[in-house]
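Residue numbers (the numbering used here): 96 to 450.
Glycine included, C-beta positions come from ideal geometry on N, C-alpha and C.
Predicted, not measured: the structure shown is a model, and the values here were computed from it.
Input: a single structure, listed below in structure tokens.
What follows is the structure, encoded as structure tokens:
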């Protein structure tokens, strides 16, 4: 009698080889995800689901090391393209196609020996009444120059100008926070006009009663604005292929959603229920990045833990083929893409990232 050794039956509910794998692709942009935690903080985190994904994924070149440029690139736009008019649109402000807008975010300039350091964000931003007073004072002062300042959010202001203003190649605010102002001032033939404008704004704000009250209360004064990202809305022909669905709360993402007509969900809504993912979905997970810029490690770590929980929740849909790919881009030059078949690379040891 012939004897046969039969292999155990394969569990068809788990193996990607015996079923049709979804083509759904989830891309998560998560700036600062892999930033090393400063030793002196004593902060320790375990993120095993993220570590497992990174270990089993294929590494590829990332879109861009700058989060804003990476987000623009996801829509086929040049990463250096002006972002202000798109973000204004995302704030819910009506934007005329040919109107010129600039970011003009409130900043605190702090003397440090022979230089001025730039600080920004919610930790120094004015409250609504303070912002209203500073904006009204600015608009009265510069009315004849065709400049109009608006403050739709606590730490995000915008400048509307009647005509394009040349020579403003100032770096995005997120690149310079905590750095020396002098290193990022405009240079070239029009630089003198820009430096004059920035100095005039600094003197105007310094004399405002808002700042006298803030100074008396021991709060950092708002003694300037940082102007960057100026231009007009992109033409439809400038866009490449865009994701099918969007998740996030950043005004730039909201503006891109409006321009492309793509449906968008808030991060909070998506965290409650990611739902079935179809087509190409882009998540802009900017919470850790915003916290990192303000040296708020507690909020940063909380946002990373939220991502850890989301990745753990998505692991089963990916492994059984209901989701085809998860791509995690920390915006540091590399992206990590994991397909259903690659989830079975159990021999790849998990990287230690936040342990």
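- When C-alpha distances from residue 189 are compared across 387, 294 and 353, the shortest belongs to 353.
- The three-state reading of DSSP puts residue 120 in strand, counting E and B together.
- If you check the CB distance, residue 316 and residue 309 come in under 8 Å.
- For the set 226, 254 and 216, the Cα lying nearest the Cα of residue 196 is the one of 254.
- The alpha-carbon of residue 214 is positioned some 35 Å away from that of residue 369.
- Under the criterion of beta carbons closer than 8 Å, residue 418 and residue 119 qualify as touching, at roughly 5 Å.
- Taking a cut-off of 8 Å on C-beta distances, the stretch 414-429 touches the stretch 150-158, as three or more cross pairs fall below it.
- Taking a C-beta distance under 8 Å as the contact criterion, residue 334 and residue 355 qualify as a contact pair.
- DSSP places residue 267 in no alpha helix (DSSP H); its state is neither H nor E.
- Residue state for residue 203 is assigned as strand, using DSSP reduced to three classes.
- Your pair residue 228 and residue 201 does not check out as a contact, with CB atoms roughly 12 Å apart and the cut at 8 Å.
- DSSP places residue 418 outside both helix and strand once states are collapsed to three, so it counts as coil.
- Beta bridge pairing from DSSP links residue 390 with no other residue.
- Taking 8 Å as the cut-off, the Cβ atoms of residue 144 and residue 401 do not count as close.
- Residues 249 of the same chain have their beta carbon placed closer than 8 Å to that of residue 222, with the five preceding and five following residues left out of the count.
- Residue 280 sits in coil when the DSSP states are folded into three classes, being neither helix nor strand.
- Taken atom to atom, the span from the alpha-carbon of residue 161 to that of residue 130 is near 14 Å.
- Partner residues in the beta bridge of residue 424, as assigned by DSSP, are 124.
- Distance from the CA of residue 302 to the CA of residue 232, rounded to the nearest whole angstrom, comes to 10 Å.
- It is roughly 16 Å from the alpha-carbon of residue 246 to the alpha-carbon of residue 236.
- As a beta-bridge residue in DSSP terms, residue 432 pairs with 153 and 422.
- If you ignore the 5 residues before and after residue 362, its C-beta comes within less than 8 Å of the C-beta of 342, 343, 344, 378, 380 and 382, all in its own chain and listed in chain order.
- Counting only runs of 4+ residues, the alpha helix (DSSP H) found wholly inside the stretch 296-345 occupies 304-311, in chain order.
- With at least 16 other beta carbons inside 10 angstroms of its own, residue 216 counts as buried.
- It is roughly 32 Å from the alpha-carbon of residue 240 to the alpha-carbon of residue 311.
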